[in-house]
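One structure is given here, and the rest of the page talks about it.
Protein chains: 2
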Amino acid sequence: MVLSSFVEVHPDSHFPIQNLPYGVFKPEPSSEPRPGVAIGEYVLDLSVVASAGLFDGPVLKNSDCFNQLNLNKFVGLGRPAWKEARVTLQKLLSATEPTLRDNSSLRQKALVPMVKVQMLLPVVIGDYTDFFASMHHAKNCGLIFRGPENPINPNWFHIPIAYHGRASSIVISGTDIIRPRGQGHPAGTSPPYFGPSRKLDFEMEMAAVVGPGNELGKPVDVNEAADHIFGLVLMNDWSARDIQAWEYVPLGPFLGKSFGTTISPWIVTLDALEPFASDAPKKNPPPLPYLAEKISKNYDISLQVSVKPAGEEDTCIVTRSNFKHLYWTITQQLAHHTINGCNLRPGDLLGTGTISGPEPESYGCLLELTWNGQKPLSLGGSTRKFLEDGDEVIFTGCCKGEGYLVGFGTCSGKILPTPS
Amino acid sequence: MVLSSFVEVHPDSHFPIQNLPYGVFKPEPSSEPRPGVAIGEYVLDLSVVASAGLFDGPVLKNSDCFNQLNLNKFVGLGRPAWKEARVTLQKLLSATEPTLRDNSSLRQKALVPMVKVQMLLPVVIGDYTDFFASMHHAKNCGLIFRGPENPINPNWFHIPIAYHGRASSIVISGTDIIRPRGQGHPAGTSPPYFGPSRKLDFEMEMAAVVGPGNELGKPVDVNEAADHIFGLVLMNDWSARDIQAWEYVPLGPFLGKSFGTTISPWIVTLDALEPFASDAPKKNPPPLPYLAEKISKNYDISLQVSVKPAGEEDTCIVTRSNFKHLYWTITQQLAHHTINGCNLRPGDLLGTGTISGPEPESYGCLLELTWNGQKPLSLGGSTRKFLEDGDEVIFTGCCKGEGYLVGFGTCSGKILPTPS
Ligand SMILES: [Ca+2]
Ligand SMILES: [Ca+2]
Ligand SMILES: [Mg+2]
Ligand SMILES: [Mg+2]
Ligand code: NI
Numbered sequence: 001m002v003l004s005s006f007v008e009v010h011p012d013s014h015f016p017i018q019n020l021p022y023g024v025f026k027p028e029p030s031s032e033p034r035p036g037v038a039i040g041e042y043v044l045d046l047s048v049v050a051s052a053g054l055f056d057g058p059v060l061k062n063s064d065c066f067n068q069l070n071l072n073k074f075v076g077l078g079r080p081a082w083k084e085a086r087v088t089l090q091k092l093l094s095a096t097e098p099t100l101r102d103n104s105s106l107r108q109k110a111l112v113p114m115v116k117v118q119m120l121l122p123v124v125i126g127d128y129t130d131f132f133a134s135m136h137h138a139k140n141c142g143l144i145f146r147g148p149e150n151p152i153n154p155n156w157f158h159i160p161i162a163y164h165g166r167a168s169s170i171v172i173s174g175t176d177i178i179r180p181r182g183q184g185h186p187a188g189t190s191p192p193y194f195g196p197s198r199k200l201d202f203e204m205e206m207a208a209v210v211g212p213g214n215e216l217g218k219p220v221d222v223n224e225a226a227d228h229i230f231g232l233v234l235m236n237d238w239s240a241r242d243i244q245a246w247e248y249v250p251l252g253p254f255l256g257k258s259f260g261t262t263i264s265p266w267i268v269t270l271d272a273l274e275p276f277a278s279d280a281p282k283k284n285p286p287p288l289p290y291l292a293e294k295i296s297k298n299y300d301i302s303l304q305v306s307v308k309p310a311g312e313e314d315t316c317i318v319t320r321s322n323f324k325h326l327y328w329t330i331t332q333q334l335a336h337h338t339i340n341g342c343n344l345r346p347g348d349l350l351g352t353g354t355i356s357g358p359e360p361e362s363y364g365c366l367l368e369l370t371w372n373g374q375k376p377l378s379l380g381g382s383t384r385k386f387l388e389d390g391d392e393v394i395f396t397g398c399c400k401g402e403g404y405l406v407g408f409g410t411c412s413g414k415i416l417p418t419p420s
Numbered sequence: 001m002v003l004s005s006f007v008e009v010h011p012d013s014h015f016p017i018q019n020l021p022y023g024v025f026k027p028e029p030s031s032e033p034r035p036g037v038a039i040g041e042y043v044l045d046l047s048v049v050a051s052a053g054l055f056d057g058p059v060l061k062n063s064d065c066f067n068q069l070n071l072n073k074f075v076g077l078g079r080p081a082w083k084e085a086r087v088t089l090q091k092l093l094s095a096t097e098p099t100l101r102d103n104s105s106l107r108q109k110a111l112v113p114m115v116k117v118q119m120l121l122p123v124v125i126g127d128y129t130d131f132f133a134s135m136h137h138a139k140n141c142g143l144i145f146r147g148p149e150n151p152i153n154p155n156w157f158h159i160p161i162a163y164h165g166r167a168s169s170i171v172i173s174g175t176d177i178i179r180p181r182g183q184g185h186p187a188g189t190s191p192p193y194f195g196p197s198r199k200l201d202f203e204m205e206m207a208a209v210v211g212p213g214n215e216l217g218k219p220v221d222v223n224e225a226a227d228h229i230f231g232l233v234l235m236n237d238w239s240a241r242d243i244q245a246w247e248y249v250p251l252g253p254f255l256g257k258s259f260g261t262t263i264s265p266w267i268v269t270l271d272a273l274e275p276f277a278s279d280a281p282k283k284n285p286p287p288l289p290y291l292a293e294k295i296s297k298n299y300d301i302s303l304q305v306s307v308k309p310a311g312e313e314d315t316c317i318v319t320r321s322n323f324k325h326l327y328w329t330i331t332q333q334l335a336h337h338t339i340n341g342c343n344l345r346p347g348d349l350l351g352t353g354t355i356s357g358p359e360p361e362s363y364g365c366l367l368e369l370t371w372n373g374q375k376p377l378s379l380g381g382s383t384r385k386f387l388e389d390g391d392e393v394i395f396t397g398c399c400k401g402e403g404y405l406v407g408f409g410t411c412s413g414k415i416l417p418t419p420s
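These protein sequence lines are chains P and H, in that order.
All letters in the first sequence, in the order written, are residues 1 to 420 by full-length UniProt numbering.
All letters in the second sequence, in the order written, are residues 1 to 420 by full-length UniProt numbering.
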């Protein structure tokens with residue numbers, strides 16, 4: 001029989017009792033932020049659950065990890081704490097358990113309607129790294145910018161390529177994104193273009209939230225890397241292609257990316273994703289030993305991007321992809337990140353890079369979908385080469401279980417014009 | 001008459017009353033970290049000064065900014081607070097002021113011998129950015145890696161080029177650096193090299209510590225950028241050239257840099273550096289209007305790198321350069337960083353990039369000094385292409401005033417072998 005909750009959960013909800021993703025929220029605008037888990041159309045306030053003494057397992061009983069403004073302390077505790085919390089919460093929320101179900105005053109305090117809450121960044125992000133782990137994305141970028149001979153650089157098949165991103169400008173889903181100003185490539189002998197970006201794009205990514213970190217100088221073994229990953233979120237790595245193209249040689253993307261990066265509020269744990277594990281693609285050439293994992297897996301997470309064009313009523317789906325397309329797994333990404341001794345800290349974010357699938361309908365950004373503006377997309381009544389002011393971009397992602405979904409909710413943002 | 005302190009200051013000290021750089025220290029191994037300023041061979045404990053009610057100006061009187069574990073709150077208060085603290089401390093420490101001079105019990109508590117203290121990172125660094133602002137360095141890198149035709153990329157003369165660095169692995173002077181392991185370029189058709197870096201280098205840089213930040217979406221005007229910079233430190237951006245060369249296309253340096261970055265403990269304020277301001281180099285082509293500053297200045301800071309080779313008694317000076325060689329000023333760097341709306345936060349670090357001068361004796365890293373290992377350096381009895389295990393690298397920097405120095409102390413680190 002399928003596990004079910006006394007909280008009503010629609011069959012198309014992303015948040016059944018099988019999921020229980022973690023976030024940080026304010027029940028009222030004036031409240032302090034606190035951790036919660038999503039269940040149906042409610043948020044379970046973990047500070048209330050903890051204060052009621054309901055985390056009674058050995059790891060969490062005396063911990064104040066749910067009386068914090070963010071999830072950093074909890075995610076830093078590691079897998080034993082995560083397992084214990086999951087067991088406790090699945091029991092507490094199950095249809096057959098009276099503790100919360102039959103205590104109406106506690107239930108009133110602990111279960112807050114999702115429509116009423118404000119979601120915040122779930123963790124303080126010390127460092128944010130963005131990988132480049134989809135082969136289809138790497139290939140398309142190479143074809144667009146360097147042509148058909150060797151579109152993928154030779155290092156790509158040996159290294160989970162990545163760059164350091166900007167942590168300060170990571171924002172929560174729903175935050176407006178201001179179109180960045182910057183320099184673009186000069187035409188002929190004139191000075192560079194300067195002004196609002198003319199090639200504003202989204203990048204459909206997911207990101208791993210680091211749990212326990214590692215000490216400086218002590219790499220994490222690839223076969224233990226999953227114990228350092230708490231869960232995943234959706235991520236939109238907004239990108240100004242004109243700024244990026246002009247600035248990125250030789251030190252990589254900088255202002256073309258750092259004006260904003262949006263993440264979804266709910267961290268879906270690897271434990272909740274485990275039933276949806278799928279084999280990672282075979283690698284040829286074989287990776288170096290430090291990247292060779294005993295079990296190399298992705299997750300079957302269907303991803304979808306919709307755009308609501310400025311001034312229109314309807315949203316249009318512009319792409320459908322899947323997390324399982326990643327060439328380099330998140331555990332390989334994490335092991336590579338630390339192989340030089342670099343230390344990760346709880347709450348650090350590791351973006352996967354744009355997740356493109358093999359077919360044109362599964363490309364993960366407008367650069368690929370419109371082939372750098374050469375093939376405009378039609379969206380209902382409008383067409384787009386890149387994003388226009390007022391456009392809203394909405395990501396969603398979920399895994400399909402037997403009779404339930406394990407989903408991520410949405411990750412959205414609307415483009416505001418550059419202020420003059 | 002030159003301002004002088006009742007605290008004895010040797011003429012060759014970096015820390016006379018004209019300097020008063022800020023740091024964070026522990027007087028005893030078991031004490032809490034607290035802010036201090038350096039004066040001669042002492043550290044003045046600012047938590048003691050504050051508790052004694054001696055910060056009596058309007059901005060600092062009721063502030064707890066010196067009862068913090070780091071300087072983030074103080075640097076975030078901005079120039080009025082910095083000016084007030086400087087006036088208060090120069091008066092308190094002056095030869096003619098009895099308050100501290102004649103109160104032996106307070107003096108005992110407030111002035112801690114520098115040899116006894118442990119210095120810590122002065123700020124919590126949210127994000128660290130590394131620029132590439134020396135034309136001589138950019139030119140030499142281009143000559144070494146791309147040859148004599150157009151060694152400097154065309155974008156370099158329009159953009160203060162930079163990349164996001166890794167904040168978690170920034171360490172305080174004196175911390176050992178573990179040689180990173182990583183991949184290097186494959187030879188022929190064999191797989192990539194994997195093992196301890198064979199081309200470990202230092203990069204002599206300085207870094208600006210951000211004071212008040214800016215909101216996401218609100219760029220800082222280049223002519224107001226100095227109000228967002230609290231001061232400067234010395235910085236060693238340790239670099240593994242073999243790892244960097246193989247990984248950096250197309251997203252820039254990653255593991256070749258993120259294994260460690262060392263900063264000096266004392267932040268010398270722009271106010272203390274002001275007497276040493278010097279005109280920045282003329283720019284041709286002229287910068288875009290957002291980078292054109294009314295007064296474009298560097299500082300005349302003599303920089304020097306010494307190496308103490310493993311197993312030897314003596315240190316050898318390997319290069320002498322000067323901060324005044326930078327093409328892009330720190331205010332241009334900061335304005336550029338925010339032009340896309342990227343938000344800076346108090347305590348963020350902006351590295352200048354390697355500061356090379358025009359002559360071969362003034363190059364800022366071994367890559368340039370040995371021309372990528374082609375011309376080994378002789379150091380006393382040894383020679384070096386790159387750093388060997390056990391080598392210690394010591395940076396120092398100072399400005400020469402009339403009868404006094406305004407210095408940065410040292411920024412040092414020793415290479416430990418890769419653990420097996
Ligand atoms: Ca990306
Ligand atoms: Ca550097
Ligand atoms: Mg971004
Ligand atoms: Mg570094
Ligand atoms: Ni960072």
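Glycine is no exception: its CB is placed at the ideal position from the N, C-alpha and C atoms.
If you're wondering where the values come from, they're calculated on a predicted model, not measured in any experiment.
Using a Cβ-Cβ distance cut-off of 8 Å, determine whether residue i contacts chain H.
i	result
Tyr299 of chain P	no
His164 of chain P	yes
Asp127 of chain P	yes
Leu334 of chain P	no
residue 466 of chain P	In the structure displayed, chain P extends from 1 to 420; residue 466 of chain P sits before or after that span and is not available.
Cys365 of chain P	no
Arg241 of chain P	no
Phe230 of chain P	no
Cys65 of chain P	no
Of the choices the options, whose alpha-carbon is the least far from that of residue i?
i	options	result
Pro287 of chain P	H:Arg198, H:Ser190, H:Leu3	H:Ser190
Glu84 of chain H	H:Ser258, H:Gly57, H:Arg320	H:Gly57
Gln304 of chain H	H:Gly409, H:Lys61, H:Val24, H:Asn372	H:Gly409
Leu416 of chain H	H:Val406, H:Gly407, H:Val87, H:Val393	H:Val393
Lys199 of chain H	H:Ile170, H:Asn236, H:Gln244	H:Gln244
Glu313 of chain P	P:Leu334, P:Lys400, P:Gly390, P:Ser168	P:Gly390
Ala295 of chain H	H:Glu149, H:Glu224, H:Cys399, H:Ser30	Note that residue 295 of chain H corresponds to Ile in the displayed sequence, not to Ala. Of H:Glu149, H:Glu224, H:Cys399, H:Ser30, the residue nearest in Cα terms is H:Glu224.
Gly397 of chain P	P:Tyr299, P:Pro192, P:Cys65	P:Tyr299
Gly147 of chain H	H:Lys324, H:Val406, H:Asn372, H:Ser382	H:Asn372
Leu20 of chain H	H:Thr418, H:Cys411, H:Tyr404	H:Tyr404
Ser13 of chain P	P:Pro219, P:Arg345, P:Glu41	P:Glu41
Lys61 of chain H	H:Leu69, H:Asn70, H:Leu77, H:Asn72	H:Leu77
Leu100 of chain H	H:Leu46, H:Gln374, H:Tyr163	H:Leu46
residue 423 of chain P	H:Arg166, H:Pro27, H:Phe131, H:Asp271	Any question about residue 423 of chain P goes unanswered here, given that chain P covers just 1 to 420.
Val321 of chain H	H:Ser264, H:Val171, H:His137, H:Lys26	Correcting the residue type first, residue 321 of chain H is Ser in the shown sequence and not Val. When each option's Cα is compared against that of Ser321 of chain H, the closest is H:His137.
Gly213 of chain H	H:Thr338, H:Glu388, H:Glu368, H:Glu402	H:Thr338
Phe6 of chain H	H:Leu92, H:Val49, H:Leu366, H:Asn150	H:Leu92
Gly231 of chain H	H:Glu388, H:Leu270, H:Ser239	H:Leu270
Ser197 of chain P	P:Lys414, P:Ser4, P:Glu388, P:Ser412	P:Glu388
Check whether the Cβ of residue i lies closer than 8 Å to any Cβ atom in chain P.
i	result
Arg198 of chain H	no
His158 of chain H	yes
Leu350 of chain H	no
Val249 of chain H	yes
Asn345 of chain H	Checking the displayed sequence, the identity of residue 345 of chain H turns out to be Arg instead of Asn. Yes, Arg345 of chain H counts as interfacial toward chain P.
Problem - Given 8 Å, three or more beta-carbon pairs between the region 360-367 of chain H and the region 275-287 of chain P - result: no
Exercise for the section: Taking 8 Å as the threshold, find out whether the region 349-356 of chain P comes into contact with the region 240-254 of chain P through three or more Cβ pairs. Expected result: no
Practice task
For the region 108-119 of chain H and the region 325-333 of chain H, state whether three or more C-beta atom pairs, one from each stretch, are separated by less than 8 Å.
Solution key: In the pairwise beta carbon analysis, the region 108-119 of chain H is classified as not touching the region 325-333 of chain H: fewer than three pairs are separated by under 8 Å.
Handout entry: Cβ contact check for the region 173-190 of chain P and the region 137-152 of chain P: 3 or more pairs under 8 Å
Key = no
Practice task
Tell me the start and end of each unbroken beta strand (DSSP E) in the region 88-115 of chain P that is at least 3 residues and wholly inside, in chain order.
Solution key: 111-113
Practice task
Indicate whether the contact test is met: 3 or more Cβ pairs, each with one atom in the region 380-390 of chain P and one in the region 215-235 of chain P, closer than 8 Å.
Solution key: With a cut-off of 8 Å, the region 215-235 of chain P and the region 380-390 of chain P do not count as touching, because too few Cβ pairs lie within range.
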